[in-house]
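Participant:
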Amino acid sequence: MSPVRYGTSLNTSKKHSLHWRDYFRHYGHQNTLHLWPLNPPNYRNVAKEYLEEIWELAMKIGGAISEGLGLDQNYLEESFGEGLQILAANYYPKCPQPEKTLGLAAHSDHGALTILMQNGVNGLQIKHNQDWVSVHHVPGTFLVNVGDCLEILSNGKYKSVEHRATVNAQRTRISIAVGHGPALSSTIGPASQLVDQKDSVRYRSITYKDYIELQQSSTIRGKSALQAVTTK
Ligand SMILES: O=C(O)CCC(=O)C(=O)O
Ligand SMILES: [Fe+2]
Numbered sequence: 002m003s004p005v006r007y008g009t010s011l012n013t014s015k016k017h018s019l020h021w022r023d024y025f026r027h028y029g030h031q032n033t034l035h036l037w038p039l040n041p042p043n044y045r046n047v048a049k050e051y052l053e054e055i056w057e058l059a060m061k062i063g064g065a066i067s068e069g070l071g072l073d074q075n076y077l078e079e080s081f082g083e084g085l086q087i088l089a090a091n092y093y094p095k096c097p098q099p100e101k102t103l104g105l106a107a108h109s110d111h112g113a114l115t116i117l118m119q120n121g122v123n124g125l126q127i128k129h130n131q132d133w134v135s136v137h138h139v140p141g142t143f144l145v146n147v148g149d150c151l152e153i154l155s156n157g158k159y160k161s162v163e164h165r166a167t168v169n170a171q172r173t174r175i176s177i178a179v180g181h182g183p184a185l186s187s188t189i190g191p192a193s194q195l196v197d198q199k200d201s202v203r204y205r206s207i208t209y210k211d212y213i214e215l216q217q218s219s220t221i222r223g224k225s226a227l228q229a230v231t232t233k
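According to this note's numbering, the stretch in the sequence shown is residues 2 to 233, in order.
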């Protein structure tokens with residue numbers, strides 16, 4: 002997976018329609034900073050500071066989740082190792098026929114925790130009991146999504162959220178999603194402490210790199226990558 006990417010869709014296969022969005026995405030790691038946008042001129046400084054702060058926040062939340070699972074408070078952070086942070090900036094222009102398209106089709110995020118900032122225009126929907134539910138933006142808040150890595154690591158105790166973005170005819174929507182996952186070379190699998198006789202291993206182990214490739218090569222929407230590593 003390249004450390005910087007620009008485009009419209011996750012997978013540009015002709016098998017399905019493209020998204021009503023432009024995006025750019027880049028890794029948060031400092032050694033990729035020379036690849037980040039140069040315009041606006043303060044982008045690199047602002048993004049660097051934001052990514053550092055948001056990493057701290059993600060680790061705080063990850064610590065509470067680890068503790069809640071009965072694991073060591075540092076479990077998530079330690080299993081991340083050097084970790085991988087990815088910033089995705091999504092731009093959804095006004096759309097004359099919004100009911101005919103989507104800004105971003107149904108998917109779950111491949112990392113463990115995504116922290117999302119938005120420009121106050123609603124559009125995010127999450128799947129709950131087979132229905133799409135709109136998430137109303139509360140000013141001054143971030144939205145935190147559980148991703149596939151956390152579902153795998155917790156052996157299914159946390160469920161990654163399937164979500165999508167709708168567009169509208171009145172206002173352009175912008176969202177900045179920052180995903181947090183383990184280092185690309187690390188193997189993701191259920192924490193051994195969460196696997197017992199009653200609750201056997203629900204997901205097979207896979208490197209994070211292979212998991213991302215699996216997700217991004219699929220033309221099937223939704224949680225298809227996770228289903229591919231589910232053991233039953
Ligand atoms: O725009 C949104 O609210 C969602 C963005 C998103 O799901 C993503 O970038 O993975
Ligand atoms: Fe997402």
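Even for Gly, the Cβ is constructed at its ideal location relative to N, Cα and C.
(1) Assess, as a yes-or-no matter, whether the region 45 to 52 is touched by the region 131 to 140 under the definition of 3 or more beta carbon pairs within less than 8 Å.
(2) Along the chain, which unbroken stretches of the beta strand (DSSP E) at least 3 residues long are found entirely within the region 114 to 198?
(3) Helix, strand or coil: how does DSSP classify residue 23 here?
(4) For residue 45, which three-state DSSP category applies?
(5) Identify which residue in 109, 121, 77 and 108 has its Cα closest to the Cα of residue 1.
(6) From the DSSP output, read off the bridge partner residues of residue 77.
(7) Tell me whether residue 84 sits in a helix, a strand or coil according to DSSP, three-state version.
(8) For residue 236, name the three-state secondary structure that DSSP assigns.
(9) May I ask you to list the residues that DSSP assigns as paired with residue 39?
(10) Any contact of the region 154 to 166 with the region 182 to 194, i.e. 3+ C-beta pairs under 8 Å?
(11) For the beta strand (DSSP E) holding residue 105, just list the boundary residues, first then last.
(12) In angstroms, rounded to a whole number, what distance separates the CA positions of residue 173 and residue 197?
(13) Considering only the beta carbon of each residue, do residue 118 and residue 81 sit closer than 7 Å?
(14) Are at least three pairs of beta-carbons, each pair with one atom in the region 19 to 27 and one in the region 88 to 103, less than 8 Å apart?
(15) Using only CA atoms, which one of 165, 86 and 49 lies nearest to residue 34?
(16) Use the C-beta contact count for residue 224: other C-beta atoms within 10 angstroms, 16 or more gives buried, fewer gives exposed.
(17) Can you tell me where the beta strand (DSSP E) holding residue 7 begins and where it ends?
Facilitator: Quick look at the numbers:
(1) Too few Cβ pairs lie closer than 8 Å, so no.
(2) Restricted to the region 114 to 198, the beta strand (DSSP E) segments that are unbroken, complete and at least 3 residues in length are 114 to 119, 125 to 129, 132 to 135, 144 to 147, 164 to 166 and 174 to 182, listed in chain order.
(3) Strand at residue 23.
(4) Residue 45 falls in the helix class under three-state DSSP.
(5) An answer regarding residue 1 cannot be provided, because it is not within the stretch 2 to 233 covered by the chain.
(6) Residue 77 is not bridged to any residue.
(7) coil
(8) Beyond the ends of the chain as shown, which are 2 and 233, falls residue 236; an answer cannot be given.
(9) Per DSSP, none; premise fails for residue 39.
(10) Segments in contact, yes.
(11) 105 to 108
(12) 49 Å
(13) No, the Cβ-Cβ distance between residue 118 and residue 81 is not below 7 Å.
(14) Three or more beta-carbon pairs drawn from the region 19 to 27 and the region 88 to 103 are found closer than 8 Å, and the two stretches are therefore classed as touching.
(15) 49
(16) Buried, by the Cβ-count rule.
(17) 5 to 8
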